[in-house]
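One structure is given below, encoded as structure tokens.
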Amino acid sequence: MTNKSRSLMTMLGIIIGVSAVIIIVSAGGGAQSLIYNQIQSLGTNLVGVLPGKGGDNGPPAAVLGVVITTLKYEDAVAMVTGPNAIQHLTAISAYARGQEQVSYFNKSVNVPFFGVMAQYPKVIDQKIDLGRFLNAQEEKNLSKVVVLGSKVRADLFGLEDPIGKTIRVGNEKFHVIGVFQPKGVVGFQNLDNQVFIPVSTAQKIMLGENYVGIIRGKVDSDENVDQVIADMQRTLRIRHHIKNPDDDDFTVVSANQALMTIQNITNIIKFVLAAVAAISLLVGGIGIMNVMLVSVTERTREIGLRKAIGAKPFHIRNQFLIEAAFVTTCGGMIGIVFGMLITFIIALVIRSMGYYWDLSFSITAIVVGVLVCQVIGIIFGYYPASKASKLPAIEALRYE
Amino acid sequence: MSVLISLRDIRKEYLMGEGENSIVTQALRGVSFSINEGDYVAIIGQSGSGKSTLMHILGFLDSPSTGDYVFDSRNTTVYEEDELADIRSEKVGFVFQAFNLLPRTTAIDNVRLPLIYQGVPFFEQKQRAEEALKRVGLGDRMSHKPNELSGGQQQRVAIARALITNPKLILADEPTGNLDTQASHEIIELFRKLNAEGKTIILVTHEVDIARSAKRIITLRDGQVLSDVLN
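Chain order of the listed sequences is B and W.
Going left to right, the first sequence walks through residues 1 to 400 as my numbering numbers them.
Going left to right, the second sequence walks through residues 1 to 231 as my numbering numbers them.
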């Protein structure tokens, strides 16, 4: 290798390619673990009802933000009371969501509000710290009562006791009846930075709607989840007058199904991105080939000399092949270290935001990565090396 | 004294240019002579006399167009590149005008290079390289790189490299061309000493006084031997 800084530049393509692959695969794995963890944090034995029919392998449109208005509060009520009440379903809540300015005197925050049912704390397993949660009366009667998440309480009241005080949610006055213990980020939502009001109040007074966005129910044990799902579907079909399952205007999923769907989607994304990164490795290899061709031309005299003192064509070829493989392997190792560093930094940043992030490096991936780099060096170095080995000794010695 | 080299009617033609504009140039037009083991021969001629071509053929860097080249009792005329490389590696040591040492490499590593290509074990390489450097008077400069050596010292490293395989023939192409008078004398002295120890040396040059240090002078003109006299 004649020029150290030129070698470094050559390696750049390989370094970037390898780092990209490492970052994408590790970060992809971390992202998958984050999403997995978030879904799991909703609680096991959870089933969800979304409006709109989902595709076979894809999420229902509602997950992606499309507003569908077929699900009703009364659907949720029917699942736990009355003649069609579902066995093994221990708690249920419908959700009507919005975002509002919430204020107490001169303090104000802009946070999401959840319109929920009285059984909500049992569904999500969130515990009351001060006061109490809504009751069944308040749930139905458009009462203007509110339960605060722990962060909202701190922001508006500091250490003051909020129970019984009046706050504004949007343009409406609400009485504070309770405060939740801190729970953290669940299902991608920071539950501490939200407020909870009766679903009927949310629908009629705050949002002016008569539908709900989602219904969540808790099943008493794992083995009954499938049965509960079937029962919910039956109940909804009766209530929505649906004869044919193909005409469903809802989707019932268990947390496990959601996890599997997400896993499939993120795997595909991960592989596609990694393939793109791998292409950059190819480009790096082409760069190496070009630089080696130049190097061979520059070292023509040296090649001629070596042949004059006894080097056979395979000696010359192997010399250049080894140099190429060395450059790519060095580049690969630098790329691996750099990629691991970036992955580590990403993990630190995401974790500091309060999310769960799996940080793991696969030894196989690293070993395979180094081997791939060597192979690339040999493949892309072969043409220049072969050219060098075929230079006739005299011409090489005459070359200026 | 046995015959080492026997050239019989050696001719070499080159095709210069391409297609319709190509010309045939005759570099050598029938050169014949013999050289015995232990001889010290200078081949002298002006530019264009064919001496470089003759040297390349003698050194197995090129093959004649017609004629026979018998070296060490073997007819090497029809050898392919692999066999030529073998002979270069084992039987011939080259000394060039421009030294041709590897730049960022120490003297001892430059000298042992031919042994690497022969597959000699590492320790033996080092040992023989040290001996060769001592033989040319550079025992105390083994770890120096070319840019830390004078012109004369670099050429001596090159000579050590040429000697290390114990070749039958030392071939020197204008060995003093890049050296000042003092260094030139040192190199010529070294050749004399090596020849006295039994080495066969062929010197190619265009300078008459350098040629006069040899025991026999072959003069080339226009691709043919003009004269072949003992000195």
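Just so you know, even glycine gets a beta-carbon here, dropped at the ideal spot from N, CA and C.
{"Check": "Glu37(W) versus Arg192(W): straight-line alpha-carbon distance, rounded", "Outcome": "15 Å"}
{"Check": "Distance between beta carbons of Phe180(B) and Thr70(B), contact taken as under 8 Å", "Outcome": "Their Cβ separation, rounded to whole angstroms, is 30 Å, which puts Thr70(B) and Phe180(B) out of contact at 8 Å."}
{"Check": "Residue(s) in a DSSP beta bridge with Pro51(B)", "Outcome": "Phe250(B)"}
{"Check": "Beta-carbon gap between Ile229(B) and Val252(B) smaller than 9 Å", "Outcome": "yes"}
{"Check": "Alpha-carbon spacing of Leu281(B) relative to Leu115(W), whole angstroms", "Outcome": "38 Å"}
{"Check": "Reference Gln99(B), options Ala277(B), Ser93(B), Phe380(B), Val109(B), closest by Cα", "Outcome": "Val109(B)"}
{"Check": "For Pro112(B): DSSP bridge partner residues", "Outcome": "Gln99(B)"}
{"Check": "Proximity to Ser63(W) [Cα-Cα], best of Arg11(W), Ala107(W), Thr106(W)", "Outcome": "Arg11(W)"}
{"Check": "Selection of the stretch 276 to 308 of chain B by Cβ proximity to chain W, strictly under 9 Å", "Outcome": "Arg301, Glu302, Gly304, Leu305, Arg306, Lys307, Ala308"}
{"Check": "Among Val92(W), Met142(W), Arg112(W), nearest to Glu124(W) - alpha-carbon criterion", "Outcome": "Arg112(W)"}
{"Check": "At least 3 beta-carbon pairs within less than 8 Å: the stretch 327 to 336 of chain B vs the stretch 85 to 103 of chain W", "Outcome": "no"}
{"Check": "Local Cβ density within 10 Å of Ile197(B), reported as buried at 16 or more and exposed below that", "Outcome": "buried"}
{"Check": "Rounded separation between Asn193(B) and Asn37(B) - CA only", "Outcome": "20 Å"}
{"Check": "Inter-residue spacing [alpha-carbon to alpha-carbon] between Ile215(B) and Ser362(B)", "Outcome": "39 Å"}
{"Check": "Exposed unless 16 or more other CB atoms sit within 10 angstroms - verdict on Ile345(B)", "Outcome": "exposed"}
{"Check": "Interface positions of the stretch 36 to 64 of chain W facing chain B (Cβ-Cβ less than 7 Å), listed along the chain", "Outcome": "His56, Leu61, Asp62"}
{"Check": "Cβ-heavy atom distance, Gly30(W) to the ligand ZN, below 8 Å", "Outcome": "For the ligand ZN, the structure offers nothing, since it holds no ligand at all."}
{"Check": "Proximity test, Cβ basis, 9 Å: Arg88(W) and chain B", "Outcome": "yes"}
{"Check": "Alpha-carbon to alpha-carbon, Ile167(B) and His88(B)", "Outcome": "38 Å"}
{"Check": "Contact check, Met206(B) vs Glu160(B), beta carbons under 9 Å", "Outcome": "no"}
{"Check": "Helix, strand or coil at Gln263(B) according to DSSP, with G and I counted as helix", "Outcome": "helix"}
{"Check": "Local Cβ density within 10 Å of Ile238(B), reported as buried at 16 or more and exposed below that", "Outcome": "exposed"}
{"Check": "Of the residues Tyr95(B), Pro182(B), Gly43(B), the one placed nearest Glu139(B), counting alpha carbons only", "Outcome": "Tyr95(B)"}
{"Check": "Candidates Lys145(W), Tyr117(W), Asp222(W), Gly30(W), of which the one nearest Gly50(W) by Cα", "Outcome": "Asp222(W)"}
{"Check": "Cα-Cα separation between Ala158(W) and Glu83(W), rounded to whole angstroms", "Outcome": "24 Å"}
{"Check": "Interfacial residues, the stretch 378 to 394 of chain B to chain W, with Cβ spacing under 7 Å", "Outcome": "Ala393, Ile394"}
{"Check": "Short-range partners of chain W found in the stretch 307 to 329 of chain B, where Cβ spacing is below 9 Å", "Outcome": "Lys307, Ala308, Ile309, Gly310, Ala311, Lys312, Pro313, His315"}
{"Check": "Per-residue contacts from Phe94(W) into chain B (C-beta, under 8 Å)", "Outcome": "Ala308, Ile309"}
{"Check": "7 Å CB neighbourhood of Met1(B) in its chain, flanking five on each side removed", "Outcome": "Legend: pLDDT at Met1(B) = 48, less than 50; position of this residue unreliable, no value from coordinates given."}
{"Check": "Span separating the alpha-carbon of Asn224(B) from that of Lys144(B)", "Outcome": "36 Å"}
{"Check": "Nearest neighbour of Val147(B), chosen from Glu302(B), Val18(B), Lys165(B) [CA to CA]", "Outcome": "Lys165(B)"}
{"Check": "Contact with chain B by Thr25(W), beta-carbon distance below 9 Å", "Outcome": "no"}
{"Check": "Any chain B beta carbon closer than 9 Å to Gln127(W)", "Outcome": "no"}
{"Check": "Under 9 Å from the C-beta of Tyr117(W): neighbouring residues of chain B", "Outcome": "Arg306, Ile309, Gly310, Ala311, Lys312, His315"}
{"Check": "CB contact check: Arg135(W) to chain B, cutoff 9 Å", "Outcome": "no"}
{"Check": "Cα-Cα separation, Val152(B) to Gly184(B)", "Outcome": "13 Å"}
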